[in-house]
Amino acid sequence: MAQQEPEDLLELSSDTRSLLDQNDLRPLWEVEDDMGNLLDDLEADIWKWEDIQAAIDGIEDDVPIADLPPGFQRRVAVPINAQNAISNTIYVGVQTVSPGETAPAHRHAASALRFTIDGHEDMKTVVAGEEFPMRDNDLVTTPQWEWHDHVNDSDETAAWLDVLDLPLFLDTLNNSHVFENHELERQPVTKTQGYWDSQYGRGRPEDDGSDGSIPGPFQGNKEPTPPYRFGWDEMLEALRQRADNDDPDPHDGHSLAYINPATGEPPLFPTMSFRAQLLNDGPTDPHFHNAVEVYFVIEGEGATHVGDEALEWGQWDIFVVPPDEPHHHEPDDEAILLGMTDRPILESMNFYAEAAIDE
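Everything in the sequence shown is counted per the working numbering, starting at 9 for the first residue and increasing by one.
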């Protein structure tokens with residue numbers, strides 16, 4: 009005979025139940041059973057580039073940017089693994105802009121970045137008055153409440169990853185997304201190329217006082233992220249130097265974080281951190297943690313084992329590792345990944361947990 013749970017032996021009178029229902033009250037033992045069920049549980053999943061490519065090509069052929077509704081004038085294919093995004097905290101999309109097109113200027117509450125998949129010197133994202141070239145594998149930040157538009161002056165379609173903390177803001181925190189369209193299709197270019205790099209590179213302005221332009225109307229206890237372009241050539245060179253001189257991390261291989269240029273430290277955003285990850289020393293050791301991890305394959309082939317499932321990946325594929333799932337990477341030879349995670353959110357509240365798995 010199955011043993012009854014203690015709460016199953018509890019019985020409320022009809023009068024008490026009526027009082028609770030009339031006043032939108034519930035006893036704790038009933039509430040506890042339902043906690044943690046408001047958002048979708050994530051599963052390990054992968055989106056193959058050939059399928060993404062076919063989808064974004066179809067969207068590009070079918071829908072001119074000018075025909076899209078104001079505020080959503082972006083042609084994007086969005087991997088779905090939660091309610092509206094790849095996770096309950098991170099949104100990833102693949103966006104294209106055709107030759108001669110502009111994705112019009114707007115700004116919003118969510119933090120965002122662009123990681124170029126197939127770029128060009130004349131493909132630019134304009135952020136806070138500066139044109140940032142979008143060369144292959146460059147990463148460009150779009151901080152909260154900064155105007156940004158995407159301008160393709162090349163003769164080739166450009167594609168990149170959009171990564172935002174939108175589902176955290178809208179779904180997990182049940183907040184309202186503050187959003188504004190610019191009065192012009194293209195924001196005025198008011199700064200020379202390299203301006204924001206000059207403010208946050210090795211030489212810093214002597215006067216560190218902020219003019220209040222970042223992060224707009226939003227305030228907190230974290231240093232805001234400035235507009236910034238991380239050129240891939242420099243990041244790749246640093247990654248190679250690390251691989252030539254240092255031992256790999258047993259779980260992540262040779263890994264370098266994208267830092268907040270204002271602080272010189274990770275995370276890049278208060279809500280998301282990013283790293284370039286070089287795997288060239290065989291399989292990594294298995295571990296698990298309670299943060300979501302999303303990966304974009306910059307180059308190489310291999311598999312990531314998540315629980316009992318093997319996600320086999322190649323260049324430009326996107327895959328997700330859910331919280332608390334044991335996982336390890338197994339590159340075929342050498343591979344480079346872009347790792348994205350919501351770990352900073354958990355760390356900020358002392359909720360982050362991680363453990364190795366003994367084999």
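C-beta atoms are modelled at their ideal positions from N, C-alpha and C, and glycine is treated no differently.
Cα-Cα separation, residue i to residue j
i      : j      : result
Ser263 : Gly315 : 23 Å
Gln285 : Ile73  : 34 Å
His259 : Pro331 : 15 Å
Pro234 : Ala343 : 30 Å
Gly220 : Leu276 : Per-residue confidence for Gly220 stands at a pLDDT of 48, beneath the threshold of 50, marking its modelled position as unreliable; no derived number is given.
Trp240 : Asp42  : 46 Å
Glu40  : Val329 : 27 Å
Arg34  : Ser22  : 14 Å
Pro339 : Arg194 : 42 Å
Pro225 : His158 : 23 Å
Gln152 : Pro256 : 34 Å
Phe238 : Met142 : 10 Å
Ala90  : Gly211 : 43 Å
Met243 : Trp37  : 52 Å
Ala246 : Asn253 : 11 Å
Met9   : Asn45  : Only weak support exists for where Met9 lies, its pLDDT of 46 falling under 50; the coordinates are left without a value.
Val197 : Gln81  : 20 Å
Glu317 : Ser26  : 48 Å
Ala270 : Glu231 : 7 Å
Gly108 : Ser162 : 7 Å
Gly209 : Gly202 : 10 Å
Thr180 : Val100 : 16 Å
Trp155 : Asp146 : 19 Å
Glu320 : His114 : 37 Å
Glu129 : His185 : 32 Å
Val135 : Thr312 : 35 Å
For residue i, three-class secondary structure by DSSP
i      : result
Ala251 : helix
Trp57  : helix
Gln227 : coil
Leu181 : coil
Ala299 : coil
Pro339 : strand
Met357 : coil
Met243 : helix
Gly209 : coil
Glu68  : helix
Arg122 : strand
Ser22  : helix
Pro274 : coil
Ala63  : helix
Leu28  : helix
Trp321 : strand
Ile73  : helix
Pro35  : coil
Pro352 : helix
Glu388 : As displayed, the chain neither begins before 9 nor continues past 367, which places residue 388 out of reach and without an answer.
Glu40  : helix
Gly220 : Per-residue confidence for Gly220 stands at a pLDDT of 48, beneath the threshold of 50, marking its modelled position as unreliable; the derived number appears in the next sentence. Note: Gly220 maps to coil in three-state DSSP.
8 Å Cβ cutoff met for residue i and residue j
i      : j      : result
Ser106 : Glu68  : yes
Asn268 : Ala361 : no
Met131 : Ala93  : no
Gly310 : Leu287 : yes
Phe304 : Phe123 : yes
Gly79  : Asn160 : no
Ile98  : Met348 : yes
Val300 : Leu47  : no
Thr279 : Ile353 : yes
Asp325 : Lys56  : yes
Thr104 : Leu121 : no
Ser119 : Asp173 : yes
Tyr266 : Arg283 : yes
For residue i: DSSP bridge partner residues
i      : result
Ile344 : Leu286, Glu307
Met131 : Asn160
Tyr6   : In this structure the chain extends from 9 to 367, so residue 6 is not present and cannot be described.
Asp257 : Gly261
Val105 : Ala166
Val148 : Arg122, Arg237
Ala85  : Val102
Asn268 : Glu273
Met280 : Looking at the DSSP assignment, Met280 forms no beta bridge with any residue, so it has no partner.
Gly327 : Here the sequence assigns Phe to residue 327, which means Gly is not the residue at that position. Paired residues: Ile54, Tyr303.
Arg115 : Glu188
Closer than 8 Å to chain C by CB, residue i
i      : result
Thr292 : In the structure shown, chain C does not exist; there is a single protein chain.
Check: residue i C-beta below 7 Å from any heavy atom of the ligand ADP
i      : result
Trp324 : No copy of the ligand ADP occurs in the structure displayed, which carries no ligand at all.
Would the stretch 27 to 39 and the stretch 287 to 307 be scored as touching if the rule is three or more Cβ pairs under 8 Å?
no
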